[in-house]
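To start, the structure under review is shown below, and the notes come after it.
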Amino acid sequence: MPSQRDYFRVAGAGFKRKHDTLDQYSNVSSEKPSWPYDAVSSLADLKKGPNRVAFDARIVNIYDQPNAYFDDGAENINRSSKKKTKKPSKKDNDEGVCQQARGCLKLILRDDTGYILVKLWYADITYDLRLGKLVSIWATHISPFKPQLKGPGKVDSTSTPSKPLTPPSTPPKDFPLSLMTSIFPEKDQGCGIKIHERGDIGIIGRIPMGYKYPFPVDSLVDAPKKHSMGKSTKVLVYVYAIGPVRERLTDGHSRASLGLYGEAIKSSMKWIPNSTVLMISNASWKPGSRLYLTSFTLVDVDPESIEADELKRLAARRAGQVNPPFPTDLFDVEEFESSIQKIKFTFADVDEFANSTRSEFMGYASVVLLDINLAALYKQNSLFCAECCNVPVFSNSTVAFCGQCELEVKLRLNPQVFPDWLNHRRNRDDIMLPSYVQLCNWL
């Protein structure tokens, strides 16, 4: 059992051990507690019952549940009456700042050994919690998890079909959750939470549960269309695009839209398109390839597995831009047009120079346009195109609005207007090459 001198006070976050790393945003006071905490190395070592324990885990689900019985008017009346009756002391300020909770953040935490549900009650403090964050919890009691025996969520009579169902109050079958705890740091000085600002890195809770290298991850599925709606699934996807309207993700075979609500919206601010990989378990699939998070959905951000590494490499290969603008500093068109001597290349010369040790060269190539797709692209409403929020934008006008950020985007001519060119090699047969996207922007 560690001694009392091995601990110190962390304001608003219970007590912390000296050998734990402090974040630059933590406010540490010099007060020392009169009791120690048992720091467990894993969630599997937690025992049910009253005990002061401290553990580290990673957030895989966050759900905000407001307090239906909270009365803001009564809270203000009680505070004003206390100020009129007596002069508040320091002890009254510490214990009477928060008498009633405004709501509860239900956090499902995990490490490499198990899961635990933490009910974080709050009143005046806003916690910056996100999926994938590493947190430290100080609790005084561990209880068994008892799900509410209620039916699945029902559709609101006033809701539209595009809105998600109410999150179910019962977990799916074989849900790996058996422990829970409740903390109220603003009122109970014996418990607390610490959010690690650099918690996105590290190995705690990164490896999928039950995963063993080099075997594949269990219960992975490909696309939601192959499974019935409402059935529990586990998918491994990477973030394709991020925007305020919807989050898009794909597993390499198909794409879907991920709906984020409440406290989970802030999680997408740290996600990187074509880089961040998500393993989503027990998700709720809706018609139209729409995915919604329920109160028992588990989201592992950037898991450590072979499949996740392969998906990251696939995302990197597909990260090319759609119709990027031609770099102005690469080729001076005005100087080339006014120059006395012009060098004419063929595609064979370009191929030879590209494979040689030359660093750069400048010239022009004479080509023959074999086909023009103006009518076909006009019928598809894709005569002009560009990219915004990592999503292609097509239109028959030079200006369109992005479906993600809803901002105006300037479009350029679609390179597929001239699909094939013809160029003649020296003393060789003709060669036909596909159009190059940057050269099309000259036209």
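The sequence shown begins at 117 in the working numbering and counts up by one. Just so you know, even glycine gets a beta-carbon here, dropped at the ideal spot from N, CA and C.
For E426, the enclosing alpha helix (DSSP H) stretches over residues 422–433.
Taking the CA atoms as reference points, T392 sits about 36 angstroms from D467.
The three-state reading of DSSP puts K495 in helix, counting H, G and I together. Between Y153 and A170, the gap from beta carbon to beta carbon is short of 8 angstroms.
Note that the C-beta distance between I358 and C505 is below 8 angstroms. In terms of CA proximity to M385, D244 leads the group A160, D244, T229, E423. In terms of CA proximity to Q437, N530 leads the group N530, I258, S298, M395. Across the set C501, V533, C521, the C-alpha of C501 shows the shortest separation from the C-alpha of L527.
Take the alpha-carbon of A464 and the one of V509: they are about 34 angstroms apart. Contact annotation, L374 with M296: C-beta distance approximately 26 angstroms; criterion of less than 8 angstroms not satisfied. If you ignore the 5 residues before and after L490, its C-beta comes within less than 8 angstroms of the C-beta of L499, V533, all in its own chain and listed in chain order. Between K382 and R218, the C-beta gap is not smaller than 8 angstroms, which leaves the two residues out of contact. Annotation: L221 to D425 spans about 32 angstroms, alpha carbon to alpha carbon.
When DSSP states are grouped into helix, strand and coil, M296 belongs to the strand group. If the five residues before and after T256 are omitted, its C-beta is found closer than 7 angstroms to the C-beta atoms of P166, R168, G306, C307, all from its own chain and listed in chain order. Here V484 is exposed: its Cβ has fewer than 16 other Cβ atoms, across all protein chains shown, within 10 Å. The criterion of a C-beta distance shorter than 8 angstroms is satisfied by V337 and V351. Y408 and M395 have their alpha carbons spaced roughly 14 angstroms apart.
C-alpha of Y356 to C-alpha of S335: approximately 23 angstroms in a straight line.
Cβ contact annotation for E420 (same chain, cutoff 7 angstroms, sequence separation greater than five): R322, I323, in chain order. For F452, the enclosing alpha helix (DSSP H) begins and ends at 449–454.
Residue burial is scored here from C-beta neighbours: P330 has fewer than 16 other C-beta atoms within 10 angstroms and is therefore classed as exposed. Around the beta-carbon of L523, fewer than 16 other beta-carbon atoms lie within 10 Å, marking it exposed. For P287, there is no enclosing beta strand (DSSP E), as DSSP marks it with neither H nor E. Looking at E423, I253, P301, the one whose alpha-carbon comes closest to that of Y327 is E423. Collapsing the DSSP output to three states places P441 in coil.
Taking a C-beta distance under 8 angstroms as the contact criterion, D228 and S158 qualify as a contact pair.
Counting every other CB atom within 10 Å of its CB across the protein chains shown gives E379 a total of 16 or more, marking it as buried.
I241 is positioned such that its CB atom lies no closer than 8 angstroms to that of K164. According to the DSSP secondary-structure assignment, N177 is paired through a beta bridge with I224. The three-state secondary structure of V466, taken from DSSP, is helix.
Beta-bridge partners of E503 (DSSP): P508. Residue pairing from DSSP leaves W387 without any beta-bridge partner.
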